[in-house]
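J.: Numbering (UniProt numbering), first residue to last: 1 to 370. Glycine included, every Cβ here is placed at the ideal spot set by N, Cα and C. The model shown is predicted, which means the values in this text are computed figures rather than measured ones. Let me give you the structure first, and then I'll get to my questions.
So this is what it looks like as structure tokens:
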């Protein structure tokens, strides 16, 4: 009889709610007579399970693996040289997020605040590389500049989205379908569904509009339409939560004042810096980030954080701040003419938070640096 080598893939584990499980010396006897001891952890389809099913080992392993991936991305872009911001951002989204979010619907309910903090720290490393920001740039500012949602919000949204998409695969004979109206009664879809039920019960009724072209039969949303509408609602709620979190956590008055009109978004095409991230070099993107955040190669920044420098002042003798460089320095009057054409009042929000303003800022920085 041929012996089968079961190797290390075969094992067994006890799942218990007891914090200190009893030391039951139960062994597994294999067909070949070999005895296997119970394991503290087993890996099933990429998910690490332990006795208490708290997923701590799995979450920490994923964080460490994601940190290594971020480390690889870290070398692809610095403050002045490297890949474009949009390319680094795409790498992070495509290569790092899937590592963290694999099996999210299984372990999300067990994640702790400390573990979410570790995820945020890992993500912040990537954010600095995406926009070429200095280390002192506030986290909330980094998230908004890079268009990357905080993990504390994203994890909840992703779990809800996965649950909604799973609904498409439910069999028509599944008992849950009998409760479908109950499940959606609190959503905007419920009103549309109710209208359809009333109309379907009595086909003699008609709804007329003033214009014939506006007439439309009330139909129930398909399952796919329900899914997309609900996901859209959840996404909007996540964005609103992110915006509120930003307002509550942001203490950077300079950045806050110039971006007061713009909302948090993870859509690159809706970001005022999106075009620069896609088309311009890392050096230009980093310079724009420094001027927008106030954290960068300025005398005032070195002085604020106690970093020694020959002089904290501009060539004109005044303290070198972003506002001084853009508005006050008498040595830059000629370079400032283009900015005044964009905003005669030299409004910082117009110059630093609009596409036309940023494009002129790029030209100004080039002349100033040279």
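Mind checking whether residue 296 and residue 92 have CB atoms under 8 angstroms apart?
T.: Numbered from its first residue, the chain shown carries residue 296 at position 296. Numbered from its first residue, the chain shown carries residue 92 at position 92. Not closer than 8 angstroms, so no.
J.: Which residues in the same chain have their Cβ closer than 7 angstroms to the Cβ of residue 285, if we skip the five residues on either side of it in sequence?
T.: Start at 1 with the first residue of the chain shown, and residue 285 comes out as number 285. Excluding residues within five positions, the ones whose Cβ falls inside 7 angstroms are 85, 131, 132, 276 and 277.
J.: Given a cut-off of 8 angstroms, decide if residue 149 and residue 242 are closer than it, judged by their beta-carbon atoms.
T.: The count along the chain shown starts at 1 and reaches residue 242 at position 242. The count along the chain shown starts at 1 and reaches residue 149 at position 149. It is a contact, given that the beta carbons lie within the stated cut-off.
J.: Would you say the beta carbon of residue 117 is closer than 7 angstroms to some non-hydrogen atom of the ligand HEM?
T.: As far as ligands go, the structure on display features none, and thus does not contain the ligand HEM.
J.: Residue 298: buried (16+ other C-beta within 10 angstroms of its C-beta) or exposed?
T.: Locating residue 298 in the chain shown gives position 298, where the first residue counts as 1. That one is buried.
J.: Quick check: what's the CA-CA separation for residue 160 versus residue 38?
T.: In the chain shown, the residue the question calls residue 160 occupies position 160. In the chain shown, the residue the question calls residue 38 occupies position 38. Approximately 35 angstroms, taken between the alpha carbons.
J.: Relative to the C-alpha of residue 350, which residue among 290, 328, 281 and 259 is closest?
T.: What you label residue 350 is simply residue 350 of the chain shown in a count that begins at 1. Ranking 290, 328, 281 and 259 by Cα distance to residue 350 puts 259 first.
J.: Starting from residue 351, trace the beta strand (DSSP E) in both directions and tell me its first and last residue.
T.: On the chain shown, residue 351 is found 351 positions in, with the first residue counted as 1. No beta strand (DSSP E) holds residue 351; the alpha helix (DSSP H) holding it covers 348-352.
J.: Per DSSP, what kind of secondary structure is residue 88 in: helix, strand or coil?
T.: Taking the first residue of the chain shown as position 1, residue 88 is located at position 88. Note: residue 88 maps to helix in three-state DSSP.
J.: Would the beta-carbon of residue 356 fall within 8 angstroms of that of residue 145?
T.: What you label residue 356 is simply residue 356 of the chain shown in a count that begins at 1. What you label residue 145 is simply residue 145 of the chain shown in a count that begins at 1. Their beta carbons are not under 8 angstroms apart, which means residue 356 does not touch residue 145 by this criterion.
J.: Can you give me the Cβ contacts of residue 248 inside the same chain, cut-off strictly under 8 angstroms, excluding the 5 residues immediately before and after it?
T.: In the chain shown, the residue the question calls residue 248 occupies position 248. So no residue of the chain qualifies.
J.: Which term fits residue 121, buried or exposed, when burial requires 16 or more other beta carbons within 10 angstroms of its beta carbon?
T.: Position 121 of the chain shown, counted from the first residue, corresponds to residue 121. So residue 121 ends up on the exposed side.
J.: Which residue marks the beginning of the beta strand (DSSP E) containing residue 48, and which one marks its end?
T.: To locate residue 48, count along the chain shown from 1; it is residue 48. Taken as a continuous stretch (DSSP letters only), the beta strand (DSSP E) holding residue 48 covers 47-50.
J.: Roughly how many whole angstroms lie between the Cα atoms of residue 251 and residue 117?
T.: Working through the chain shown from its first residue, we reach residue 251 at position 251. Working through the chain shown from its first residue, we reach residue 117 at position 117. Roughly 19 angstroms between the two C-alpha positions.
J.: Would you check if the distance between the CB atom of residue 140 and the CB atom of residue 246 is smaller than 8 angstroms?
T.: Position 140 of the chain shown holds residue 140. Position 246 of the chain shown holds residue 246. Contact flag set, yes.
J.: Of the residues 62, 83, 56 and 80, which one's Cα is nearest the Cα of residue 123?
T.: Locating residue 123 in the chain shown gives position 123, where the first residue counts as 1. Of 62, 83, 56 and 80, the residue nearest in Cα terms is 62.
J.: When you compare only the Cα positions, how much space is there between residue 197 and residue 226?
T.: The residue labelled residue 197 in the question sits at position 197 within the chain shown. The residue labelled residue 226 in the question sits at position 226 within the chain shown. The pLDDT assigned to residue 197 is 42, lower than 50, so where the model puts this residue is not dependable, and the model offers no usable value.
J.: Can you tell me which of 27, 55, 266 and 231 puts its alpha carbon nearest to the alpha carbon of residue 151?
T.: Your numbering for residue 151 matches position 151 in the chain shown. Per the Cα distances, 266.
J.: Give the secondary structure of residue 29 by DSSP, where H, G and I count as helix, E and B as strand, and everything else as coil.
T.: Start at 1 with the first residue of the chain shown, and residue 29 comes out as number 29. Strand at residue 29.
J.: Measuring CA to CA, which of 362, 305, 10 and 253 is closest to residue 31?
T.: Residue mapping note: residue 31 aligns to position 31 of the chain shown, counting from 1. When only C-alpha atoms are compared, the closest one is 10.
J.: Distance check for residue 306 and residue 326, CA to CA, integer angstroms please.
T.: As a position in the chain shown, residue 326 is number 326, starting the count at 1. As a position in the chain shown, residue 306 is number 306, starting the count at 1. Approximately 24 angstroms between the Cα atoms of the pair.
J.: For the alpha helix (DSSP H) containing residue 44, list its first residue and its last residue.
T.: Looking up residue 44 in the chain shown gives position 44. Counting along the chain, residue 44 falls outside any alpha helix (DSSP H), though it belongs to the beta strand (DSSP E) covering 41-44.
J.: For residue 319, name the three-state secondary structure that DSSP assigns.
T.: Your numbering for residue 319 matches position 319 in the chain shown. In the structure shown, residue 319 sits in a strand (DSSP, three-state: E or B).
J.: In terms of residue numbering, what span does the alpha helix (DSSP H) encompassing residue 115 cover?
T.: Here the question's residue 115 lines up with position 115 in the chain shown. Counting along the chain, the alpha helix (DSSP H) containing residue 115 begins and ends at 113-131.
J.: Buried or exposed, going by whether 16 or more other CB atoms sit within 10 Å of the CB of residue 261?
T.: If you number the chain shown from 1, residue 261 lands on position 261. Exposed.
J.: Quick check on the DSSP output: the alpha helix (DSSP H) that includes residue 58 runs from which residue to which?
T.: For the purposes of this step, residue 58 is taken as the residue at position 58 of the chain shown. Run containing residue 58: 56-74, per the alpha helix (DSSP H) assignment.
J.: Pop quiz: residue 328 and residue 342 are said to be a contact at Cβ under 8 angstroms. What is the actual Cβ separation, rounded to whole angstroms?
T.: The count along the chain shown starts at 1 and reaches residue 328 at position 328. The count along the chain shown starts at 1 and reaches residue 342 at position 342. Not quite, the Cβ-Cβ distance comes to about 17 angstroms (not below 8 angstroms), so this is no contact.
J.: Quick one, which of 105, 70 and 354 has its alpha-carbon nearest residue 97's?
T.: One-based indexing of the chain shown puts residue 97 at position 97. Residue 70 is the option with its Cα nearest to residue 97.
J.: Under 8 angstroms between the Cβ atoms of residue 110 and residue 55?
T.: Residue 110 sits at position 110 when you count from the first residue of the chain shown. Residue 55 sits at position 55 when you count from the first residue of the chain shown. Yes; because the gap between Cβ atoms is below 8 angstroms, this pair is in contact.
J.: Flag residue 290 as yes if its beta-carbon sits less than 8 angstroms from any beta-carbon of chain C, otherwise no.
T.: Of the protein chains in this structure there is only one, and it is not chain C.
J.: Just to confirm the assignment, what range does the alpha helix (DSSP H) spanning residue 282 have?
T.: Against the chain shown, residue 282 aligns to sequence position 282. Note, residue 282: alpha helix (DSSP H), 282-293.
J.: List the whole-angstrom C-beta distance separating residue 368 from residue 333, where the pair is believed to meet the contact cut-off of C-beta under 8 angstroms.
T.: In the chain shown, counting from the first residue as 1, residue 368 sits at position 368. In the chain shown, counting from the first residue as 1, residue 333 sits at position 333. No, residue 368 and residue 333 are not in contact; Cβ-Cβ is about 12 angstroms, not under 8 angstroms.
J.: Could you check which residue in 72, 237 and 294 has the C-alpha nearest to that of residue 256?
T.: Numbered from 1 along the chain shown, position 256 holds the residue referred to as residue 256. Answer by Cα proximity: 294.
J.: Is the beta carbon of residue 230 less than 8 angstroms from the beta carbon of residue 170?
T.: Within the chain shown, residue 230 is the residue found at index 230, counting from 1. Within the chain shown, residue 170 is the residue found at index 170, counting from 1. Cβ distance not < 8 angstroms, so residue 230 and residue 170 don't count as in contact.
J.: Just reading off the alpha helix (DSSP H) that residue 263 is part of, what are its end residues?
T.: For the purposes of this step, residue 263 is taken as residue 263 along the chain shown, with counting starting at 1. Segment: none, residue 263 is in no alpha helix (DSSP H) and carries neither H nor E.
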